[in-house]
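Since the structure comes first, as structure tokens, the remarks are kept for the end.
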Amino acid sequence: MRKTTLLAAAALLGSPGLTLAQNTAEENNPNVDAPFVRNIRADRPGQTITAQVLQPGRFQLETGFQRQFGGPGFAQSLSGATLRIGFFNGMELRVSQPYFHSGPTIPTETGTVTASGWAPAVVGAKFMLSPNYDTRTQVAILAESALPGTGSTGLQQRGWAPSGRLLVSQQLGERFGLEGNFGFSQPGLQVQDLQKGQFLGTLALNGPLCAKTGFFVEAYGYGRSGLSTGTTTGLYYRPVPAVRVDFTAGRVLGGAAAGTTTVGGGLTFKVGR
93 MRKTTLLAAA ALLGSPGLTL AQNTAEENNP NVDAPFVRNI RADRPGQTIT
143 AQVLQPGRFQ LETGFQRQFG GPGFAQSLSG ATLRIGFFNG MELRVSQPYF
193 HSGPTIPTET GTVTASGWAP AVVGAKFMLS PNYDTRTQVA ILAESALPGT
243 GSTGLQQRGW APSGRLLVSQ QLGERFGLEG NFGFSQPGLQ VQDLQKGQFL
293 GTLALNGPLC AKTGFFVEAY GYGRSGLSTG TTTGLYYRPV PAVRVDFTAG
343 RVLGGAAAGT TTVGGGLTFK VGR
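Going by my numbering, the first residue of the sequence shown is number 93, and it counts up by one from there.
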């Protein structure tokens with residue numbers, strides 16, 4: 093009797109059904125190979141940041157250049173880069189820093205300086221709220237802040253400037269995606285800084301045009317008592333799976349900067365799974 097029981101237990105342990113039950117949630121997810129999940133997704137261009145959190149061991153470098161002109165303000169060129177690092181427990185670490193190629197003259201206590209050069213470095217993290225990395229509906233929280241004392245003279249931030257966003261991505265079919273952001277930023281940590289804070293809301297649609305090219309279009313609004321609105325559209329090209337090139341054009345439609353046009357381009361590299 094004991095021998096029969098042991099043989100039955102051995103048969104159960106070796107059965108395919110039990111082996112399947114031991115698969116991870118990712119291995120059992122039918123969406124794991126969907127093009128929307130596997131294609132490289134960047135947090136640029138435009139205002140919208142994707143809810144995708146990089147998996148542990150993945151690195152992604154996103155660089156870009158933008159020119160703005162035609163509005164009530166001065167014409168300006170800026171470039172920048174963001175490094176994203178996939179960490180453990182559904183977290184992604186990030187650091188970015190823009191560079192202003194031209195800017196206005198600002199009076200200071202020691203004289204006048206030109207507001208051009210490195211802007212303050214921004215550090216932050218994404219925290220995944222979705223059950224796994226490949227779910228059709230992805231939700232994450234982004235927390236960031238400018239680092240005080242970083243950047244060129246005239247552009248430095250005296251204190252911390254925190255911001256936060258709720259990020260949502262909804263996959264449509266196998267290839268298209270709808271991305272939305274809702275966030276708030278303020279120039280400091282004191283209570284009075286809340287009154288200077290700015291709200292941000294965005295909605296973007298992206299998807300393929302063919303095997304290696306695709307499009308994106310977004311609408312956004314930001315402000316507090318008065319809302320500034322605009323749109324951004326563009327095309328991207330993936331010569332190889334781990335590289336993406338994008339070209340953008342945008343227009344500020346309402347608010348203090350209404351009439352401003354933006355054009356630019358960027359390059360994204362991915363290393364790791």
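A virtual CB, placed ideally from N, CA and C, is assigned to each residue, including glycine.
All values reported here derive from a predicted model rather than from experimental measurement.
On the CB-based measure, 16 or more other CB atoms within 10 Å of its CB, does V332 come out buried or exposed? Here V332 is exposed, its C-beta having fewer than 16 other C-beta atoms within 10 Å.
The stretch 155-175 in contact with the stretch 225-242 per 3-pair CB rule at 8 Å: no
Pick out whichever of V231, P279, F268 and G265 has its Cα sitting closest to the Cα of P254. Across the set V231, P279, F268 and G265, the C-alpha of P279 shows the shortest separation from the C-alpha of P254.
In the stretch 266-307, which residue ranges form an unbroken beta strand (DSSP E) of at least 3 residues, counting only runs that do not cross its ends? Listed in chain order, the beta strand (DSSP E) elements of length 3 or more contained wholly in the stretch 266-307 are 268-277 and 290-300.
Going along the chain, which residues of its own chain have a beta-carbon closer than 7 Å to the beta-carbon of Q144, five neighbours each way excluded? R133, Q230 and S261
With respect to the beta strand (DSSP E) encompassing F128, which residues constitute its N-terminal and C-terminal limits? Premise fails: F128 lies in the alpha helix (DSSP H), P127 to R130, not in any beta strand (DSSP E).
Find out if the Cβ-Cβ distance for the pair G275, R257 is shorter than 7 Å. yes
Mapping the DSSP letters down to three states, classify I141 as helix, strand or coil. The answer is coil: DSSP assigns I141 none of H, G, I, E or B.
Taking 7 Å as the threshold (C-beta atoms), are K304 and M330 in contact? It should be pointed out that residue 330 corresponds to Arg in this sequence rather than to Met. In this structure, K304 lies closer than 7 Å to R330 by Cβ.
For a test of your reading of the model: does the CB of V145 fall under 6 Å from any non-hydrogen atom of the ligand FAD? Yes or no. With respect to the ligand FAD, the structure offers nothing, as it holds no ligand at all.
Answer with buried or exposed for D338, where buried requires no fewer than 16 other C-beta atoms within 10 angstroms of its C-beta. buried
How big is the Cα-Cα spacing for L297 and G269? 6 Å
Quick one: give me the first and last residue of the beta strand (DSSP E) that G216 is part of. V214 to M220
Between L327, I177, H193 and A341, which lies nearest to G351 when the distance is taken from Cα to Cα? A341
Looking at Q290 and Y314, is the spacing between their C-beta atoms short of 7 Å? yes
Straight-line Cα distance separating T354 from M183: Cα-Cα distance, rounded: 32 Å.
Sort out for me which residues DSSP pairs G178 with in a bridge. E184
Here's the rule I'm using: 16 or more other beta-carbon atoms within 10 Å means buried, otherwise exposed. How should S277 be labelled? buried
For S320, I'd like the list of residues in its chain whose CB is within less than 8 Å of its CB, leaving aside the five on either flank, ordered along the chain. G313, Y314, V344, G346, G347, A348, A349 and A350
Would you check if the distance between the CB atom of G178 and the CB atom of G149 is smaller than 7 Å? By the CB criterion at 7 Å, G178 and G149 fall inside the cutoff.
Rounding to the nearest angstrom, what Cα-Cα distance links G326 and G243 in this structure? Spanning the two alpha carbons is a distance of roughly 30 Å.
Between the Cα of K218 and the Cα atoms of L234, G156 and A334, which residue gives the shortest distance? L234
Please state whether DSSP places P190 in a helix, a strand or coil. strand
On the premise that T294 lies in contact with G272, defined as a C-beta separation below 8 Å, what is that separation, rounded to the nearest angstrom? 7 Å
According to DSSP, which residues form a beta bridge with G356? Partner(s): Q158 and T340.
In three-state DSSP terms, what is P331? strand
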